[in-house]
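Q:
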Amino acid sequence: MIEVHELAKTFPGGFFGRPVAAVRSVSFRCAPGEATALVGSNGAGKTTTLRMLATAIRPTGGDAQLAGFDVHRDAPEIRRRIGFLSTNTGLYLRLTPRELLTHYARLYSIPADRIPMELARAVELLELESFLDRQCDKLSTGMRQRVSLARTILHDPPILILDEPTLGLDIDANELVMSFLERCRDEGKTILLSTHVMGEVARLCRRVIVMAAGSVVFDGKTQELVSAHESVEAGVRAVMRGAR
Amino acid sequence: MRLRDVLTIYRKDLLETLRDRRTLLFVLAVPALSICLISLGASRLVGAFVKEVAMRDIVVVATPETRAAYEELAHRAFLETKVGKTLERLANPILGAILPSPIQGLKLPDDMGAVVSQPAAYAEWARGLASQMRERAGEAVSRPSRANIAVPESFRGAGEDFFIQTVRGIGMVKWMTPAEVEVDERITSDSLSLALKELPDAKRIQSALDNRRIDVWMSIQMPKGPIDAKPWKTAQVSLYYDATQPTAQEAASRLRRTLDAASTAIVAERLRSLRQPSHLADPINVDVPAALSNPKNAMRSMIGGMVPYFIILFAYIGAMFPAIDLGAGEKERNTLETLLLAPVGRLEIALGKFLVVVTTSMTSALVGVCTAALMAAAILPPEVREMTSLKPSLEGLLAVVALAFPLACTFAGVFLGTALFARSFKEAQNYLSPLGVVLTLPPAYALLPWSELNGRTALIPMVNTALIARDYLVGNFHAGYYFMAMGSSLTVAAAALAFCTWQFHRESVLFRS
Chain A
1492 MIEVHELAKT
1502 FPGGFFGRPV
1512 AAVRSVSFRC
1522 APGEATALVG
1532 SNGAGKTTTL
1542 RMLATAIRPT
1552 GGDAQLAGFD
1562 VHRDAPEIRR
1572 RIGFLSTNTG
1582 LYLRLTPREL
1592 LTHYARLYSI
1602 PADRIPMELA
1612 RAVELLELES
1622 FLDRQCDKLS
1632 TGMRQRVSLA
1642 RTILHDPPIL
1652 ILDEPTLGLD
1662 IDANELVMSF
1672 LERCRDEGKT
1682 ILLSTHVMGE
1692 VARLCRRVIV
1702 MAAGSVVFDG
1712 KTQELVSAHE
1722 SVEAGVRAVM
1732 RGAR
Chain B
23 MRLRDVLTIY
33 RKDLLETLRD
43 RRTLLFVLAV
53 PALSICLISL
63 GASRLVGAFV
73 KEVAMRDIVV
83 VATPETRAAY
93 EELAHRAFLE
103 TKVGKTLERL
113 ANPILGAILP
123 SPIQGLKLPD
133 DMGAVVSQPA
143 AYAEWARGLA
153 SQMRERAGEA
163 VSRPSRANIA
173 VPESFRGAGE
183 DFFIQTVRGI
193 GMVKWMTPAE
203 VEVDERITSD
213 SLSLALKELP
223 DAKRIQSALD
233 NRRIDVWMSI
243 QMPKGPIDAK
253 PWKTAQVSLY
263 YDATQPTAQE
273 AASRLRRTLD
283 AASTAIVAER
293 LRSLRQPSHL
303 ADPINVDVPA
313 ALSNPKNAMR
323 SMIGGMVPYF
333 IILFAYIGAM
343 FPAIDLGAGE
353 KERNTLETLL
363 LAPVGRLEIA
373 LGKFLVVVTT
383 SMTSALVGVC
393 TAALMAAAIL
403 PPEVREMTSL
413 KPSLEGLLAV
423 VALAFPLACT
433 FAGVFLGTAL
443 FARSFKEAQN
453 YLSPLGVVLT
463 LPPAYALLPW
473 SELNGRTALI
483 PMVNTALIAR
493 DYLVGNFHAG
503 YYFMAMGSSL
513 TVAAAALAFC
523 TWQFHRESVL
533 FRS
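Listed in order, the protein sequences are those of chains A and B. Counting in the working numbering, the first sequence runs from 1492 upward without gaps. Counting in the working numbering, the second sequence runs from 23 upward without gaps.
1) By the three-class DSSP mapping on this structure, what secondary structure does F1507 of chain A have?
2) Identify, in the order they occur along the chain, each residue of the same chain with its Cβ nearer than 8 Å to the Cβ of E110 of chain B, setting aside the five sequence neighbours on each side.
3) Beta strand (DSSP E) containing M240 of chain B: first to last residue?
4) Grouping DSSP H, G and I as helix and E and B as strand, with all else coil, what is S455 of chain B?
5) Could you tell me which whole beta strand (DSSP E) segments of length 3 or greater appear in the segment 251-297 of chain B?
6) When we look at the beta-carbon of N486 of chain B and count the other beta-carbons within 10 Å, is it buried (16 or more) or exposed?
7) Could you pull out every residue in the same chain whose Cβ sits closer than 6 Å to the Cβ of T1580 of chain A, ignoring the five residues on either side in sequence?
8) Does the beta carbon of F48 of chain B come closer than 8 Å to any beta carbon on chain A?
9) Mind listing the chain B neighbours of F1575 of chain A? Cutoff is C-beta to C-beta under 9 Å, in chain order.
10) Based on Cα-Cα distance, which residue from B:L348, B:T513, B:P222, B:M484 lies nearest to F332 of chain B?
11) At the 8 Å Cβ level, is S14 of chain B part of the contact set with chain A, yes or no?
12) What residue from B:A466, B:Y494, B:P456, B:G439 has the CA that sits closest to H527 of chain B's CA?
13) Can you name the residues that DSSP bridges to C1521 of chain A?
14) Is the beta carbon of F1575 of chain A closer than 8 Å to that of L461 of chain B?
15) With 8 Å set as the bound, which would you pick, yes or no: does the beta-carbon of V1665 of chain A sit closer than that to a beta-carbon of chain B?
16) How long is the line joining the alpha carbons of F433 of chain B and L40 of chain B, rounded to whole angstroms?
17) Mark L67 of chain B as exposed unless 16 or more other C-beta atoms lie within 10 angstroms of its C-beta, in which case mark it buried.
18) Taking R1612 of chain A as the reference, which of A:L1630, A:R1589, A:F1502, A:L1695 has the closest Cα?
19) Across which residues does DSSP place G1574 of chain A in a beta bridge pair?
20) Report buried or exposed for I116 of chain B, applying the criterion of at least 16 other Cβ atoms within 10 angstroms of its Cβ.
21) Let me know the secondary structure DSSP gives I333 of chain B once reduced to three states.
22) Are the C-beta atoms of K448 of chain B and some chain A residue less than 8 Å apart?
23) Assign L1716 of chain A to one of two classes, buried (16 or more other C-beta atoms within 10 Å of its C-beta) or exposed (fewer than that).
24) Would you report the Cα separation of I482 of chain B and F533 of chain B, rounded to the nearest angstrom?
25) Using the beta-carbon of each residue, which ones in chain A are nearer than 7 Å to F533 of chain B?
26) Spatial neighbours of A480 of chain B within its chain, please: CB distance less than 6 Å, with the 5 preceding and 5 following residues excluded, ordered by chain position.
27) Is R89 of chain B helix, strand or coil by DSSP?
28) What does N1579 of chain A touch in chain B if you count any residue whose Cβ is under 7 Å from its own?
29) Using beta-carbon positions only, say whether I346 of chain B and Q451 of chain B come within less than 8 Å of one another.
30) Helix, strand or coil for E175 of chain B per DSSP?
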């Protein structure tokens, strides 16, 4: 469960710049077993919102709770319960997927005797077997994204926060990632997903949150948008036009 | 703090660092290669210097009268040396028969009587002898090896004393007469050096000095009659040379050494004729304590000043690239954000990375010092090696480790914190590269002759490391200053670590774009 209440983030402007309000009083909820899409144009505040929820950066206003833990006070507990992935998530290119996943398994305090089992589960889910011992700098974009996803779910978190997880992937890799996310959703995980691909929203997400200029301008069911505007894309466009 | 997390991060980052060719190059290859190149280059350079400056033929312009006077004075100097006195005795038909053996390491002249009595015969013999010695020395400097770099046998003992005091002044002088000097007509009275303006031959002397192939213009005015009999008179010697030219300076000093030795010999003769003790002309006898004049100490002091230089330089190189890679590099490769979202404290992350940089920095410094020790063992002859005390020993290694540790910690903290601030690898390089220039200054202080380890310098980071390493190698270990320096360096290292950890807690640094 993710509960966000009037969350805000203002970045200081440095010596000469003015402070920038990237997110202004955002509120929404994401339920378990449900995928929620966060959409909006570039600079709308999606990534900043996701980073605040993932406790990478601290909110300057409002609060949020993930799995019952507060982003201000319980950052370590939240980190244990979320899997975070962004499109530009980097891998340690000089390590192999096996070394990288083992490293993160240790950081997530998975007991040493359970690490091979968890690794095997992630490898099977994301079909990593064929390149598990190849150095990451030799992997394709799709392979790298699958390794990143494996790293995200290694500790079996109840919440997944994903920032454009399919950007730059080919059709096969895209299908693999989408199927994987559907499976996670059906297993009861809470998924908050930022994307620009409306087809993915239609396929995966029951709810859509549209952001513009740091604020939520629409928060409702995907079906509502489709009913009113024939497609998710048309609906999001209409909402964003209205926000301007 | 969870030590387990620190070790996990340390293990991963170290593995990744060891797989980076660029880091390996700078941590291992650069110190080893640069030490090899510096050692070989320095030995060649010293050889070339000896050949070009110390053993070079010097060209002296003098009238035939001056040349004759100089050779006479050099002969007087020679007769006062141990070799001269021995030859005088050997030339004596009675004493020569009694004396059991000639002087060790010196080929005796065929006509000892002529060498002892005639300056020209002595000059001829000395010239031949110097030529032989120079050939052997030339071999030594042109092929520096363990066997060749050693001082040739013939230079030692009596031969060495003789060479230094006398032959250097005669055997390798090439004479020119003033008439052979081509006068440069472009020289006007205004362009003459101030010291020459009053001289009748000023234009010719100036031409000689301007000509880089001529070293010294010498003129000697000997008094009429014997110089060591009453009435006492003084010979007037003038040396003109370009003091800005090292070769001319060396030439002038060679001539002066011979003339000083001749002056001493003449004073001794005058005192003998007055039946006065030889110490009459020496009211003050300056005795240099053995410890200070010990060549071992001089050599160790020089090496001691250079060792910390290398420690600091290689610790800097060894820390810089891994720090950039683990700081700015991780930001650039987008791996830092993922790590920050793992359930690990920022302190643990900072410490894990910090320890990797300390490891590479220490490794680099050790590789440099060990390579220097191995190179010294490979190219220095045993006697020089013994003088420098550069023997790889556990004790020496521990001393270096102990000194390098706070230094490596300081570099690691400052570099990692700075690299984390940068947006990219290149930006971090721009920040850290200028530091390399600044870091050459503190160890350079240890090379200054007046620098000393005291209560104040022991507290200055890096300067104290350099001074302690130098003094330790000379054999002066001050436990009090050592612990003061360690305390000071560790305090600075702790501050550097605090800076690094602080940077890892700053959102504006971690997500700076």
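Cβ atoms here follow ideal geometry from the backbone N, Cα and C, with glycine treated the same way.
A: Once the coordinates are examined:
1) As a first step, residue 1507 of chain A must be located in the first sequence, where it is residue number 16. Under the three-state reduction of DSSP, F1507 of chain A is assigned to coil, being neither helix nor strand.
2) Sequence index remark: in the second sequence, residue 110 of chain B carries index 88 (1-based). Sequence-distant partners of E110 of chain B (beyond 5 residues in either direction) whose C-beta falls short of 8 Å from its own C-beta, in its chain, are L101, V138.
3) Sequence index remark: in the second sequence, residue 240 of chain B carries index 218 (1-based). Segment 238-243, the beta strand (DSSP E) holding M240 of chain B.
4) As a first step, residue 455 of chain B must be located in the second sequence, where it is residue number 433. Correct three-state label for S455 of chain B: helix.
5) Within the segment 251-297 of chain B, the complete beta strand (DSSP E) runs of at least 3 residues are 258-263.
6) Working through the second sequence from its first residue, we reach residue 486 of chain B at position 464. With 16 or more other Cβ atoms within 10 Å, it is buried.
7) Along the first sequence, one-based indexing puts residue 1580 of chain A at 89. Counting only Cβ-Cβ distances below 6 Å, and skipping sequence neighbours, we find S1639.
8) Mapped onto the second sequence, residue 48 of chain B falls at position 26. For F48 of chain B, the answer is no, since every Cβ of chain A falls outside 8 Å of its Cβ.
9) In the first sequence, counting from the first residue as 1, residue 1575 of chain A sits at position 84. The answer, in chain order, is E359, T360, L363.
10) Here the question's residue 332 of chain B lines up with position 310 in the second sequence. Considering only alpha carbons, the answer is B:M484.
11) It is not possible to answer for residue 14 of chain B, since the shown part of chain B is limited to 23 through 535.
12) Start at 1 with the first residue of the second sequence, and residue 527 of chain B comes out as number 505. Cα-wise, what sits closest to H527 of chain B is B:G439.
13) On the first sequence, residue 1521 of chain A is found 30 positions in, with the first residue counted as 1. DSSP, once it has assigned bridges, lists A:I1493 as partnering C1521 of chain A.
14) On the second sequence, position 439 is the one that residue 461 of chain B refers to. On the first sequence, position 84 is the one that residue 1575 of chain A refers to. No; because the gap between Cβ atoms is not below 8 Å, this pair is not in contact.
15) By one-based count along the first sequence, residue 1665 of chain A stands at place 174. With the sequence shown as reference, residue 1665 of chain A is identified as Asn, and Val is not the correct amino acid for it. Taking Cβ atoms only, chain B never reaches closer than 8 Å to N1665 of chain A, which makes this a no.
16) By 1-based counting over the second sequence, the position of residue 433 of chain B is 411. By 1-based counting over the second sequence, the position of residue 40 of chain B is 18. Roughly 19 Å separates the two Cα atoms.
17) For the purposes of this step, residue 67 of chain B is identified with residue 45 of the second sequence, where counting begins at 1. L67 of chain B should be labelled exposed.
18) Mapped onto the first sequence, residue 1612 of chain A falls at position 121. Per the Cα distances, A:R1589.
19) Counting from 1 along the first sequence, the entry for residue 1574 of chain A is found at position 83. DSSP, once it has assigned bridges, lists A:L1651 as partnering G1574 of chain A.
20) By 1-based counting over the second sequence, the position of residue 116 of chain B is 94. The residue in question, I116 of chain B, is exposed, as its Cβ has fewer than 16 Cβ neighbours within 10 Å.
21) One-based indexing of the second sequence puts residue 333 of chain B at position 311. Helix, per DSSP.
22) Your numbering for residue 448 of chain B matches position 426 in the second sequence. No, because no Cβ of chain A sits closer than 8 Å to the Cβ of K448 of chain B.
23) For this step, residue 1716 of chain A is matched to residue 225 along the first sequence. Looking at its Cβ environment, which holds 16 or more other Cβ atoms inside 10 Å, L1716 of chain A is buried.
24) Within the second sequence, numbered from 1, the residue matching residue 482 of chain B stands at position 460. Within the second sequence, numbered from 1, the residue matching residue 533 of chain B stands at position 511. Approximately 35 Å between the Cα atoms of the pair.
25) Numbered from 1 along the second sequence, position 511 holds the residue referred to as residue 533 of chain B. Result: I1548.
26) Within the second sequence, numbered from 1, the residue matching residue 480 of chain B stands at position 458. If we look at A480 of chain B and ignore the five residues flanking it on each side, its Cβ neighbours are N486, Y503, M506, A507.
27) For the purposes of this step, residue 89 of chain B is identified with residue 67 of the second sequence, where counting begins at 1. Helix.
28) Counting from 1 along the first sequence, the entry for residue 1579 of chain A is found at position 88. Those within 7 Å of N1579 of chain A in chain B are N356.
29) Counting from one through the second sequence, the residue named residue 346 of chain B turns up at place 324. Counting from one through the second sequence, the residue named residue 451 of chain B turns up at place 429. For I346 of chain B and Q451 of chain B, yes; Cβs fall inside 8 Å.
30) Taking the first residue of the second sequence as position 1, residue 175 of chain B is located at position 153. A caution first: E175 of chain B carries a pLDDT of 37, below 50, which makes its placement in the model unreliable, though a value can still be read off. Judged by DSSP in its simplified three-state form, E175 of chain B adopts helix.
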